[in-house]
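Working notes for the structure below.
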Amino acid sequence: MTTESDPSYPAHWEADVVLRDGGTARIRPITPTDAGRLVSFYEQVSDESKYYRFFAPYPRLSDRDVHRFTHHDYVDRVGLAATIGGEFIGTVRYDRIGPDGRPASAPADEAEVAFLVQDAHQGRGVASALLEHIGAVARERGIRRFAAEVLPANTKMIKVFTDVGYQQKRSFEDGSVHLTLDLEPTAESLAVQRAREQRAEARSVQRLLAPGSVAVIGVSRSGAGVGAACLRTLRDSGFHGHLYAVNEAVTRDLLEGVRAYRTVDAIGAPVDLAVIAVPAERVPEAVAACGEHGVQGLVVLSAGYGESGPAGLARQRELVRQVRSYGMRLIGPNAFGVINTAPEVELNASLTPAPMPMRGRIGLFTQSGAIGIALLSALLRRGEGLSSFVSAGNRADVSGNDILQYWYDDEATDVALLYLETLGNPRKFTRLARRTAAVKPVVVAKGGRHTPAGHVVPGTRLPDATVSALLRQAGVIRVDTVTELVDVGLLLASQPLPAGARIAILGNSESLGVLTYDACLTQGLRPLPPLDLTTAAVPEDFRTALAAALASDDNDAVVVTAIPWVNEEQDPADDLAGALRSAVAGHPGKPVAVVHVELGELAEALSAPLGPWGSAPDAGAPAPDGPDGPLRGFPAPSPFGAPVRAEPGPGGRIPSYPAAERAVKALAEAVRYGQWRRASTEAGHVPEYEDIDESGAAAQLAGLLADVDSGAVLTLAEWDARELLARYGIRVLPALPAPSPDSAVRAAGILGYPVALKTTAPHLRHRADLGGVRLDLRDEAELRRSYEDLTALLGKPAELQPVVQAMVPRGVDTVVRSVIDPAAGAVLSFGLAGVASELLGDTAHRLVPATDKDAAGLIRSIRTAPLLFGWRGSDPVDTRALEELLLRLSRLVDDHPEVVGVSLEPVVVATEGLSVLSASVRVAHPPARGDLGPRTLPSY
110 MTTESDPSYP AHWEADVVLR DGGTARIRPI TPTDAGRLVS FYEQVSDESK
160 YYRFFAPYPR LSDRDVHRFT HHDYVDRVGL AATIGGEFIG TVRYDRIGPD
210 GRPASAPADE AEVAFLVQDA HQGRGVASAL LEHIGAVARE RGIRRFAAEV
260 LPANTKMIKV FTDVGYQQKR SFEDGSVHLT LDLEPTAESL AVQRAREQRA
310 EARSVQRLLA PGSVAVIGVS RSGAGVGAAC LRTLRDSGFH GHLYAVNEAV
360 TRDLLEGVRA YRTVDAIGAP VDLAVIAVPA ERVPEAVAAC GEHGVQGLVV
410 LSAGYGESGP AGLARQRELV RQVRSYGMRL IGPNAFGVIN TAPEVELNAS
460 LTPAPMPMRG RIGLFTQSGA IGIALLSALL RRGEGLSSFV SAGNRADVSG
510 NDILQYWYDD EATDVALLYL ETLGNPRKFT RLARRTAAVK PVVVAKGGRH
560 TPAGHVVPGT RLPDATVSAL LRQAGVIRVD TVTELVDVGL LLASQPLPAG
610 ARIAILGNSE SLGVLTYDAC LTQGLRPLPP LDLTTAAVPE DFRTALAAAL
660 ASDDNDAVVV TAIPWVNEEQ DPADDLAGAL RSAVAGHPGK PVAVVHVELG
710 ELAEALSAPL GPWGSAPDAG APAPDGPDGP LRGFPAPSPF GAPVRAEPGP
760 GGRIPSYPAA ERAVKALAEA VRYGQWRRAS TEAGHVPEYE DIDESGAAAQ
810 LAGLLADVDS GAVLTLAEWD ARELLARYGI RVLPALPAPS PDSAVRAAGI
860 LGYPVALKTT APHLRHRADL GGVRLDLRDE AELRRSYEDL TALLGKPAEL
910 QPVVQAMVPR GVDTVVRSVI DPAAGAVLSF GLAGVASELL GDTAHRLVPA
960 TDKDAAGLIR SIRTAPLLFG WRGSDPVDTR ALEELLLRLS RLVDDHPEVV
1010 GVSLEPVVVA TEGLSVLSAS VRVAHPPARG DLGPRTLPSY
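All residue numbers for the sequence shown refer to our numbering, where the first residue is 110 and numbers rise by one.
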């Protein structure tokens, strides 16, 4: 009998999933101990659903049925259940069948599949999630097709099968619909799966950010503490829903002016979101109470979890397990809170000491509460508002990936800002970031570049510049500091994207203009000579010059520089802001940034939101009409601290910076992002190669890893590596061992002269500079003489491990590698062999899977790329063959996550074709489920 503690129990099939409505469920294999749960589940299913499942009235399960549906071998017969609170809400099973439709075993590759979902949970996407997971299980067990019989009236189940995206056949036989599904993933099935994932995860975040009711658990009667502070913030933000306070010792009806209850259950009304602010040891009790009451999501402010050490980490894992068992999502623990400035919500369930942020177009996610405070304060000081804010603390459940799913189609968010210490699931993050960046900017400040010993955030083996390049490939704008995060976000939220890198500079200081010019060159921009308006310039001069620059076709963006006026009787800061806004309003379409020196009032005026007539209200009073009227100060706060934020656009906010370098850095990031957006409209493709033997490679890898422990890495023997690479069309030139001069001669006779003699000892491999390689040996005499010289110079044959290899056409020596990096995921790397890549770090990288555009860009992005294209009159090499090699290696790594490292060195690229002279391949057991598997939440 198999139970969850049995070694044969497939624990890696267990997964938490987000359902269509944003709730969660756990999918796991059914075991014999589930008999009672199965009976209880079946009793709650309607007679109609039972009829659809069994094609006949079937009021109850017999003992024989219960035994059959709970006893599986997890190979030919498998059952999975979706559970909430430990109880079944849906089941799916398959039975392997032969060509005659009778039970069978491998190698039969077809199975009959059937579902049953509790009526109360139909329409939540339970069957679709179960189908994804049972399909993955079936493929793992060698099943390639599902067969299903469905009554014509069961339209919901027919739709589940037809919408999944698999290739399928459909026929009508004996009064039922017969469906056959090919389980091989297709582009359509993957697109369907990811679209469902996006909708479900976005909905789960939306339920957290737009609740109809909120309960704060842990509100002290004295008004002190985290819970009371959060309750006051919620109350004062003007939250539009119902608000409750919970304290088990409460003796009065109100706490902080909010209706108070002893328990969540005593509220007697639905609670969508609960904010938990009790000591860590009391959190499980609060979570259980919320789960039993039907709360949809939690924000856990309590500390004492993963940040506090191993015991806290174990407590955190148990917290996630408990929260998900009730179908809830969790922000935290150790969270700072959430904010949603939407006018119909106005939720501020956070610990922010500042007033409710203004409504804006920036979405903000942080892992750190301290960083969250800094970013909120910086945005407030510079007059920028937010659409939403999530500070996830330990990020045990809801992560930056979930928030990206929400922001992707959130019409209130134009710019996504994230402070991350780790990418979590890097492949999923880059996939989501690439998709989101195609419609709105994604700006990331990533901490953890230099991970201290013992820190929980995993480090990366890649240089920081390389991580930035990989994120940029996905369209992410990577910045180094939280200050740059705000600088770039402000510009992107208020200005259009530049059409190019030509920058006009104008202002009343020649020196500041020159500094800005130099900063542009440093950032790779193309600045025009600065226009000096002189210190005598008045606001009208600025307006005229800026209007002319914006109207000109010789630039793509404008930087305005300003210093204080010498005339102390004149304070034209507000007039200057109005003049600049007037010029921008008359010539929209280009971004403008302002660099100011000691002109704080100018910065304040430029950042003030415009009223309905293009004016900026001051302390609630309307400003004078007209584009040149005073534009001073911030708008008066509403009674709940939430001033309305005008939409960015012509004549709206103009970002200002106290240093030229900061303004130009922000503008340069916008230029590069605009270039990426334009280039991404013509997406590359991953080519198909007919000679790739994917199934053969999978079988070979399974055999090689059969005796390898989980977590161990195996370096393949030379012949195994050559065989695996050959299955993907990558031919490695054979090298025959030569432990003696005579064996070297025999090897040369097999290969044919001329030959190369080289050492393969680890300390000499690829070190031609040490004399370990002898080329163009044309006969036996030269070979013997070279062998003698080699051993005399470097050591005995047993130490050198010499080999003989056929000569190949001369060309440029390159290095091609792929590695699984802990922070970046699967990475494809390219560089020239030798000093260029080893000493100077001239290596380029792309994320896997690489497209044809990625491969072409990869070989052209290293500094020494001219050597491949005919530098100083040399013959250009076959870059098409090189691009194909890169794409084939990318396919191998992408198709088989067991391949954790490949090094092809050297790859000699000639004028026609290329030769791979040496290869090293490392393999390991892959994670139980990758990004290409069925939808699943991160495991705990």
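Ideal Cβ placement from N, Cα and C applies to all residues, glycine included.
Within the model, the alpha-carbon separation for Val817 versus Val1017 is close to 34 Å.
Per DSSP, His176 is not a residue of any beta strand (DSSP E); the alpha helix (DSSP H) it occupies stretches across 172-179.
Looking at the backbone, the Cα of Ser849 and that of Thr923 are separated by about 30 Å. By alpha-carbon distance to Arg305, the top candidate from Arg129, Ser716, Gly584 is Arg129. Under DSSP, Val704 shares a beta bridge with Thr670, Tyr766.
At a cut-off of 4 residues, the continuous stretches assigned as alpha helix (DSSP H) that sit fully inside the stretch 134-218 are 144-152, 156-163, 172-179. Contiguous alpha helix (DSSP H) elements confined to the stretch 459-498 occur at 478-490, taking only those with 4 or more residues. When beta bridges are read from the DSSP output, Asp125 appears opposite Arg135. Taking 7 Å as the cut-off, the Cβ atoms of Tyr414 and Pro393 do not count as close. Here Ile139 has Thr179, Gly188, Ala190 as same chain residues with Cβ atoms under 6 Å from its own Cβ, once five neighbours each way along the sequence are excluded. If you ignore the 5 residues before and after Val854, its C-beta comes within less than 8 Å of the C-beta of Glu889, Leu892, Arg893, all in its own chain and listed in chain order. Excluding sequence positions up to five before and after Gly1042, its CB lies within less than 8 Å of the CB of Ala245, all in the same chain and listed in chain order. Within the same chain, and ignoring the five residues on either side of Thr133 in sequence, the residues whose Cβ sits closer than 6 Å to its Cβ are Asp125, Val127, Arg433, Gly436.
The stretch 525-539 makes contact with the stretch 464-476; the number of CB pairs closer than 8 Å reaches 3 or more. Counting the other CB atoms within 10 Å of its CB gives Ile859 a total below 16, which places it among the exposed residues. Take the alpha-carbon of Gly347 and the one of Leu456: they are about 7 Å apart. Counting along the chain, Lys537 sits inside the alpha helix (DSSP H) bounded by residues 535-546. Under the three-state reduction of DSSP, Gln914 is assigned to strand. Counting along the chain, the unbroken alpha helix (DSSP H) around Arg424 starts and ends at 419-434. Per DSSP, Val1011 is one residue of the beta strand (DSSP E) stretching across 1008-1018.
Contact between Ala694 and Leu715 fails: their C-beta atoms lie close to 13 Å from each other, not under 8 Å. When rounded, the separation of the alpha-carbon atoms in Asp898 and Glu947 is 27 Å. Under DSSP, Pro846 takes part in a beta bridge, and its partners are Val912. In terms of CA proximity to Glu710, Arg490 leads the group Arg490, Arg426, Glu293, Val576. For the options Val706, Leu708, Val704, Asp650, the alpha carbon positioned closest to that of Ala692 is the one of Asp650. The residues Thr295, Glu297, Ser298, Leu299, Ala300, Val301, Gln302, in chain order, have a CB closer than 8 Å to that of Gly274 in the same chain once the five nearest residues on each side in sequence are set aside. In this structure, Leu879 keeps its C-beta atom at 7 Å or more from the C-beta atom of Ala865.
Around the CB of Thr545, 16 or more other CB atoms lie within 10 Å, so the residue is classed as buried. Note that the stretch 476-491 does not touch the stretch 273-289; fewer than 3 beta-carbon pairs, one per stretch, sit closer than 8 Å. For Tyr782, same chain residues with a beta-carbon under 8 Å away, outside a window of 5 residues either side, are Ala546, Pro550, Gly584, Ile586, Leu601, Leu606 in chain order. Of all C-beta pairs linking the stretch 378-388 to the stretch 416-430, fewer than three are shorter than 8 Å, placing the two stretches out of contact. Collapsing the DSSP output to three states places His230 in a helix. Note on geometry: alpha-carbon atoms of Val553 and Leu634 lie some 21 Å from one another. The three-state reading of DSSP puts Ser331 in coil, since its state is none of H, G, I, E or B. With fewer than 16 other Cβ atoms from the protein chains shown falling within 10 Å of its own Cβ, Ser149 counts as exposed. Shown here for Val387: same chain residues with a beta carbon closer than 7 Å to its own, the five before and five after excluded, namely Ile326, Gly327, Ala395, Ser411 in chain order.
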